[in-house]
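Chains W and P, in that order, are what the protein sequence lines are. 236 is the number that my numbering gives to position 236 of the first sequence; each next residue is one higher, with no gaps. 352 is the number that my numbering gives to position 89 of the second sequence; each next residue is one higher, with no gaps. Idealized CB from N, CA, C, for every residue including glycine. Structure record follows, encoded as structure tokens.
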Amino acid sequence: MPAALQFSSVSKRYDSGYEAIERISFTVAARRFVSIVGPSGCGKSTVLNLAAGLLSASAGEVESFGEPLAGLNRRAAYLFQQDALLPWKSVLENAQLGLELRGMAHDAAHDWLRRVGLQAFATRYPHELSGGMRKRVALAQCLAVQPDLLLMDEPFSALDIHTRLRMEQELLDWVGAAGTTVLFITHDLEEAIALSDEVLVLSAGPRSHLVGRYEIDLPRPRPLLDLKTEPRFAEIYKSIWHDLRGEVVKALGGDHQGGPAHG
Amino acid sequence: MARSLNPRVLAGRIAVASVFLGGWEAGARFGWLDPFFFSRPSAVVARVWLQLSQGTVWPHLGVTVVEAALSFLLGSVAGIAAGFVLGRSRLLGDIFGPYIQIANSLPRVVLAPIFLLWFGLGIWSKVALGVTVVFFIVFFNTLKGVREVNPVLLDNARMLGASERQLVRHVLLPSALAWIFSSLEISVGMSIIAAVVGEYLGSTQGIGYLIAQAEGVFDTTGVFAGMVFLAAFVLIVAAAVGRVERRLLHWRPRPAEASNV
Numbered sequence: 001m002p003a004a005l006q007f008s009s010v011s012k013r014y015d016s017g018y019e020a021i022e023r024i025s026f027t028v029a030a031r032r033f034v035s036i037v038g039p040s041g042c043g044k045s046t047v048l049n050l051a052a053g054l055l056s057a058s059a060g061e062v063e064s065f066g067e068p069l070a071g072l073n074r075r076a077a078y079l080f081q082q083d084a085l086l087p088w089k090s091v092l093e094n095a096q097l098g099l100e101l102r103g104m105a106h107d108a109a110h111d112w113l114r115r116v117g118l119q120a121f122a123t124r125y126p127h128e129l130s131g132g133m134r135k136r137v138a139l140a141q142c143l144a145v146q147p148d149l150l151l152m153d154e155p156f157s158a159l160d161i162h163t164r165l166r167m168e169q170e171l172l173d174w175v176g177a178a179g180t181t182v183l184f185i186t187h188d189l190e191e192a193i194a195l196s197d198e199v200l201v202l203s204a205g206p207r208s209h210l211v212g213r214y215e216i217d218l219p220r221p222r223p224l225l226d227l228k229t230e231p232r233f234a235e236i237y238k239s240i241w242h243d244l245r246g247e248v249v250k251a252l253g254g255d256h257q258g259g260p261a262h263g
Numbered sequence: 264m265a266r267s268l269n270p271r272v273l274a275g276r277i278a279v280a281s282v283f284l285g286g287w288e289a290g291a292r293f294g295w296l297d298p299f300f301f302s303r304p305s306a307v308v309a310r311v312w313l314q315l316s317q318g319t320v321w322p323h324l325g326v327t328v329v330e331a332a333l334s335f336l337l338g339s340v341a342g343i344a345a346g347f348v349l350g351r352s353r354l355l356g357d358i359f360g361p362y363i364q365i366a367n368s369l370p371r372v373v374l375a376p377i378f379l380l381w382f383g384l385g386i387w388s389k390v391a392l393g394v395t396v397v398f399f400i401v402f403f404n405t406l407k408g409v410r411e412v413n414p415v416l417l418d419n420a421r422m423l424g425a426s427e428r429q430l431v432r433h434v435l436l437p438s439a440l441a442w443i444f445s446s447l448e449i450s451v452g453m454s455i456i457a458a459v460v461g462e463y464l465g466s467t468q469g470i471g472y473l474i475a476q477a478e479g480v481f482d483t484t485g486v487f488a489g490m491v492f493l494a495a496f497v498l499i500v501a502a503a504v505g506r507v508e509r510r511l512l513h514w515r516p517r518p519a520e521a522s523n524v
């Protein structure tokens, strides 16, 4: 099976002249959960938008499932960091949006709404829901179209810590069961390690490049509640933080006495 | 309207009307105001009642309504369509932008005689005048509404598989609707004004014609009676537009303290 994503020395230079990333190469094998971490402004979102086909590469090539990407990536779903639900559609209509746009049967949306625990809110509007509930609807919207690849841009960064932990656990269960490939962006290293099979570290921008690639060999299924107190988790965290810290310091523009970056 | 009016607001409104109309009436009766130039409310009410009961006003009101309705419909449909096309295409927007600004800077009143020459004394010269007024109001609002759509909503819908047509239907139109409606409310009033101005400058029928006739013989009561018909008509249509707006924008969170203006 071809890789879900293949970046071959991809660079992106914006029209403004800003060079976001430079010669980045990596592979996301199918059914894997891969996270990208890096200091803010390092071009993480640029990488994700290139994978989605929302941006096109200035140099290099992006392939998805063996085919060079031209235009939008039709096999991917994208969970945005910002609220992307349509305020004028009810929760159910939002969950069905992808199915409706693609002319598919709407049953899967009901099913996903039940799975994210919001069937009782089907007729409500997004502004009547909490941030965590809106994120669940957005996730249901993405998963209802059964994507082969799920792109996630700091999806849980705005949630409180308990909601976040619960949604992370549910995400692992769902994508694990469906065999969905995930490319996950976060600035929170703990989150990246807890969820991923592999963590990529990006350097500080501009002209970000990959500075490290780490295999996360924690066994699955992972009970996230207890994972962070395991010695192996701490070991992995330490070795990656060693690299990431340097980039965070560079991004801050001086030699700060930095601690681990949380939420 | 389902909203109940605050009794203090209602009392205040009645007080304002009483002072204004009472002062006017008293001024005319006690000789502070010359009734020849200012008429008086009771005479205006009597004239309105006379015109209603004799039925002489209906054909004129009908003509004005048809002109205003046609210019409102044609102008807003054209304005929404043009706003969408130029809002979605940077190229077309850049090409047509300056011409639209030039056209919009023309005072409409100077167009009225030209439309009279082109389209004659009938309703179409008034409709043409109304369209030039309504079109620009709706066009600029639609353009702004389309350009200010949250790009994340567009990207999200595109990633979910939306075609350009589906983007218009599911994202752009609902998003721009709040902008469009605020322009439609203004347009209702403007289309009526345009119809009356057109009639005033040259016609054989309509409320504007009635007012012009009354003015020609220094019949101030007749002029004010015409204004009463116009005001009543505008209020009814504006309330109808507000109803449609509330129905179409029912998804919006209710403002905590709705002002009743």
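Residue i classed as buried or exposed, judged by whether at least 16 other C-beta atoms fall within 10 angstroms
i        : result
Leu200/W : buried
Phe283/P : exposed
Lys389/P : buried
Trp321/P : exposed
Gly346/P : buried
Arg303/P : buried
Arg276/P : exposed
Trp295/P : exposed
Thr467/P : exposed
Gly117/W : exposed
Met422/P : buried
Ala109/W : buried
Ala331/P : buried
Asn269/P : exposed
Val451/P : buried
Gln364/P : exposed
Ser438/P : buried
Val434/P : buried
DSSP-derived helix/strand/coil call for residue i
i        : result
Thr27/W  : strand
Glu22/W  : strand
Ala76/W  : strand
Gly294/P : coil
Phe403/P : helix
Glu230/W : coil
Pro260/W : No answer about Pro260/W holds up, because its pLDDT of 47 lies below 50 and its placement is not dependable.
Gly424/P : coil
Pro370/P : coil
Leu268/P : coil
Lys89/W  : coil
Val412/P : coil
Gln6/W   : strand
Gly66/W  : coil
Pro222/W : Strictly speaking, residue 222/W in this sequence is Arg, with Pro absent from that position. Of the three classes helix, strand and coil, the one that applies to Arg222/W here is coil, per DSSP.
Asp255/W : For Asp255/W, the predicted model reports a pLDDT of 48, less than 50, meaning its position is unreliable and no value from the coordinates is stated.
Ser237/W : Checking the sequence shown, residue 237/W turns out to be Tyr, not Ser. DSSP places Tyr237/W in helix when its eight states are reduced to three.
Gly98/W  : helix
Ile216/W : coil
Ser302/P : coil
Gly60/W  : strand
Val34/W  : strand
Arg269/W : Since the first residue of chain W shown is 1 and the last is 263, residue 269/W is not available in this structure.
Ser388/P : helix
Rounded distance between the beta-carbons of residue j and residue i, thought under 8 angstroms
i        : j        : result
Thr319/P : Gly471/P : Going by Cβ atoms, the distance from Thr319/P to Gly471/P rounds to 15 angstroms, so no, they are not a contact pair.
Val460/P : Ala375/P : 7 angstroms
Leu511/P : Leu406/P : So it is not a contact: roughly 20 angstroms between Cβ atoms.
Leu48/W  : Asp153/W : 5 angstroms
Leu151/W : Val28/W  : Their Cβ separation, rounded to whole angstroms, is 10 angstroms, which puts Leu151/W and Val28/W out of contact at 8 angstroms.
Val409/P : Gly350/P : 3 angstroms
Ile455/P : Tyr463/P : That pair is no contact at about 12 angstroms.
Glu247/W : Pro39/W  : 5 angstroms
Phe301/P : Thr483/P : 7 angstroms
Gly43/W  : Gly205/W : 5 angstroms
Closer than 7 angstroms to chain B by CB, residue i
i        : result
His110/W : Note that chain B does not occur in the displayed structure, where the protein chains are W and P.
Check: residue i C-beta below 6 angstroms from any heavy atom of the ligand FMN
i       : result
Val91/W : No copy of the ligand FMN appears in this structure; indeed no ligand is present at all.
- prompt: With contact counted as at least three CB pairs below 8 angstroms, one residue from each stretch, are the stretch 209-229 of chain W and the stretch 47-63 of chain W in contact?
  reply: no
- prompt: Are the stretch 125-139 of chain W and the stretch 7-24 of chain W touching, with three or more C-beta to C-beta distances below 8 angstroms?
  reply: no
The stretch 95-102 of chain W contacting the stretch 142-160 of chain W, beta-carbon criterion three pairs below 8 angstroms: yes
message: Counting beta carbon pairs with one atom in the stretch 390-409 of chain P and one in the stretch 333-345 of chain P, are three or more of them shorter than 8 angstroms?
response: yes
- prompt: Do the stretch 34-44 of chain W and the stretch 188-197 of chain W touch if we need at least three Cβ pairs shorter than 8 angstroms?
  reply: yes
message: Tell me whether the stretch 409-424 of chain P and the stretch 80-88 of chain W touch, counting them as touching only if at least three CB pairs, one residue from each stretch, are closer than 8 angstroms.
response: yes
field: Inter-stretch contact at 8 angstroms, needing at least 3 Cβ pairs: the stretch 206-216 of chain W / the stretch 177-186 of chain W
entry: no
- request: Kindly provide the ranges of any beta strand (DSSP E) runs that are 3 or more residues long and lie completely inside the stretch 136-210 of chain W, ordered along the chain.
  value: 149-153, 181-185, 198-202
Inside the stretch 452-523 of chain P only - beta strand (DSSP E) runs reaching at least 3 residues: none
query: Do the stretch 73-83 of chain W and the stretch 154-166 of chain W make contact, defined as three or more Cβ pairs closer than 8 angstroms?
result: yes
query: Can we say the stretch 162-177 of chain W touches the stretch 132-141 of chain W, given the rule of at least three CB pairs closer than 8 angstroms?
result: yes
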